[in-house]
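Undergrad: Quick one: the structure is below, and I'll ask about it shortly.
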C-alpha cells in the first residue's frame, strides 16, 4: 500500500479510532509503523471510542507533516476553537490512570464472546473480531441483508445493521454492536436463535 501510494502520488488516510479496544492480546498496528508510512499517510484518532467521549469532538491527526499542516490550516477556517471544559476533560482522560481501559475492554470481550456464540448457534459463521465493537457475519444464503434484517426486527424484535449501509463490500452481511449491556445481548441472541429455528423447521427456509 505504501509503495502504491508513492507510485500514484496519493495520501492514505488511516482512520484508527478503535486502536485501544483490542482483545486476546492483540495490538492494533499503526500505518506509521510501516517504513515509509509517514511519507504518504495521515492517521486519525479520536477520544470517542477509547474514552467513551463521543460527541465531545476531540481527536487528532498525525503523520505526514505537510498534510497535517494543510489539515490544520483548513480546519482553522471552517470552525472555531473547542469549548474549554471539553478540552479539560480530554486532558484528564489522556493523562489519568489508564488501567480502567483494559477493564472496560474485558467487558466488551465478554459481550463479543456472547454475540459470536449466539451467531454460531444459529448456524452462521461470524468473524471473531480482535478489535473494535462489532461482529460481522454473512446472512443465510439466498437472502439480502436489508430484507433479512427487516424481518428480524419485525418478527423477533431484534435490531441489527445490514452491511450494505457501509457500501457494496458490506452487502450480504450484518453487523452487531457490543455497545449494549450483556444481558440485552444475550436476550437478543436467544430471540435470534429461536427465530431462526422457527423459520427453518423441517429444513424449509421461510424467513
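In the working numbering, the protein residues as written are -10 to 196. The beta-carbon is built from N, C-alpha and C at its ideal position, and this holds for glycine as well.
Flag residue 67 as yes if its beta-carbon sits less than 8 angstroms from any beta-carbon of chain C, otherwise no.
TA: The structure shown contains no chain C, having only a single protein chain.
Undergrad: DSSP three-state call for residue 105: helix, strand or coil?
TA: In the structure shown, residue 105 sits in a helix (DSSP, three-state: H, G or I).
Undergrad: Compare the C-alpha of residue 87 against each of 134, 10, 59, 130 and name the closest.
TA: If we check each option's Cα against that of residue 87, 10 comes out closest.
Undergrad: Can you grab the Cα-Cα spacing for the pair residue 39 / residue 122, in whole Å?
TA: Distance between the alpha carbons of residue 39 and residue 122: 11 angstroms.
Undergrad: Taking its Cβ as the centre, do 16 or more other Cβ atoms sit within 10 Å of residue 134, making it buried, or is it exposed?
TA: Residue 134 comes out buried.
Undergrad: Check whether the region 142 to 159 touches the region 80 to 95, counting contact only when three or more Cβ pairs, one atom from each stretch, lie closer than 8 angstroms.
TA: Contact between the region 142 to 159 and the region 80 to 95 is absent, because fewer than three Cβ pairs lie under 8 angstroms.
Undergrad: Using the beta-carbon count (16 or more within 10 Å), is residue 128 buried or exposed?
TA: With 16 or more other Cβ atoms within 10 Å, it is buried.
Undergrad: Which of the three DSSP states, helix, strand or coil, is assigned to residue 78?
TA: Helix, per DSSP.
Undergrad: With distances taken between CB atoms, is the gap from residue 7 to residue 120 smaller than 8 angstroms?
TA: Yes, these two residues count as a Cβ contact at 8 angstroms.
Undergrad: By the DSSP assignment, the alpha helix (DSSP H) with residue 163 in it spans what residues?
TA: Premise fails: residue 163 lies in the beta strand (DSSP E), 162 to 166, not in any alpha helix (DSSP H).
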